[in-house]
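Each residue of the sequence shown is one higher than the one before, counting from 3 in the numbering used here.
Worksheet for the structure shown next.
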Amino acid sequence: MALADFAADFRLVAGGKNPAPRTAAIIVSAGNSTRMGGTVSKQFLTLCGKPVLAHTLLAFEQTKQIDEIVVVAKSDAIEAVWQLAEQYGIKKLTHVTSGGKTRAASVQRGFRKIDPKTKFVAIHDGARCLITPDQVAKVCRMAYRHRAATAATAVTDTVKMSTRWGFIEKTLDRDRIFLVQTPQVFHADLYRAALATVKDDTLTDDNQLMEKINHVVKLVDFGKDNIKITTPDDIPRAEFILSQREVQK
3 MALADFAADF
13 RLVAGGKNPA
23 PRTAAIIVSA
33 GNSTRMGGTV
43 SKQFLTLCGK
53 PVLAHTLLAF
63 EQTKQIDEIV
73 VVAKSDAIEA
83 VWQLAEQYGI
93 KKLTHVTSGG
103 KTRAASVQRG
113 FRKIDPKTKF
123 VAIHDGARCL
133 ITPDQVAKVC
143 RMAYRHRAAT
153 AATAVTDTVK
163 MSTRWGFIEK
173 TLDRDRIFLV
183 QTPQVFHADL
193 YRAALATVKD
203 DTLTDDNQLM
213 EKINHVVKLV
223 DFGKDNIKIT
233 TPDDIPRAEF
243 ILSQREVQK
């Protein structure tokens, strides 16, 4: 992308003429759920009366900055995702595609499905279902300004680095340590260029693409409630957080 084109995009955002450049969300929901146990994929487990994935999709559906939603799912769950979207009124869903062998490969499959006119892409874990529309919008706005932004949470514990033998090597500065979450939002041309340069399907998050091409990513601290449903213990915790939100309304 030419510098002049990026400058034009930034002026539109900053000037309020186009507060939301076309933004597509890729919801990654193709994992095996091995740590959950049971026979039902975690994306379809019920959380306060709705499937986990429904909570996630509704948050992006209700975010005005999001124009399009693409879901990456297991091949045998594609029809179920479409049915869920119809049941919960997810109108922005345009594609449901099958996942790859790794998370990175799954994201790339989703990226190939977004509208060619897309300016920014928001990548999110389908099982990170407590995300809110306000939070999605906040990360998007930071990405519009910096071209790359990610949800995160600051570390409050003392953090140690270990030796390869399992002994403490040193203490890290926790004021500079963050646990990265999703959504992770990038300028589409920047993300496309990073994919072409790095070509690595083993990366565990998309911020690593930016690191490898030496592009900064703005951290957006959401605290500890933006959890990902990974183990059975996460279900009651997530339900408690949702119930507290209802009380606070």
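Here a beta-carbon is modelled for each residue, glycine too, at the ideal position from N, C-alpha and C.
- Under the Cβ criterion (8 Å, minimum of three pairs), the segment 51–68 counts as touching the segment 131–144.
- If you check the CB distance, Gly112 and Val72 come in under 8 Å.
- Val161 places its beta carbon less than 8 Å from that of Leu174.
- Contact between the segment 114–122 and the segment 219–237 is absent: fewer than 3 CB-CB pairs across the two stretches fall below 8 Å.
- Of the other Cβ atoms in all chains shown, fewer than 16 fall within 10 Å of the Cβ of Glu88; this residue is therefore exposed.
- Arg176 and Lys214 have their alpha carbons spaced roughly 23 Å apart.
- Here the C-alpha atom of Thr165 lies approximately 5 Å from the C-alpha atom of Glu171.
- The residues Ser43, in chain order, have a CB closer than 7 Å to that of Ala79 in the same chain once the five nearest residues on each side in sequence are set aside.
- In terms of Cβ geometry, Ile68 and Ala124 form a close pair [threshold 8 Å].
- The residues Phe113, Val123, Asp208 and Leu211, in chain order, have a CB closer than 8 Å to that of Tyr193 in the same chain once the five nearest residues on each side in sequence are set aside.
- The segment 85–166 contains, as complete beta strand (DSSP E) runs of 3+ residues, the segments 95–100, 122–127, 150–156 and 161–164 (chain order).
- The three-state secondary structure of Leu205, taken from DSSP, is coil.
- Only residues of its own chain outside the window of five on either side were considered, and among them Leu49 and Cys50 have a CB closer than 8 Å to the CB of Glu241, listed in chain order.
- Boundaries of the beta strand (DSSP E) harbouring Thr173: Ile170 to Leu174, taken from the DSSP string.
- Scanning the segment 39–78 for uninterrupted alpha helix (DSSP H) segments of 4 residues or longer gives 54–63, listed from N- to C-terminal end.
- Between Asp223 and Thr152, the C-beta gap is not smaller than 8 Å, which leaves the two residues out of contact.
- A distance below 6 Å between beta-carbons, with the five flanking residues on each side excluded, links Leu47 to the following residues of its chain, in chain order: Val54.
- At a Cβ-Cβ threshold of 8 Å, His126 and Ala27 count as neighbours.
- Where Ala196 is concerned, there is no enclosing beta strand (DSSP E), although the alpha helix (DSSP H) around it starts and stops at Ala190 to Val200.
- In the three-state reduction of the DSSP assignment, Pro23 falls in the coil class.
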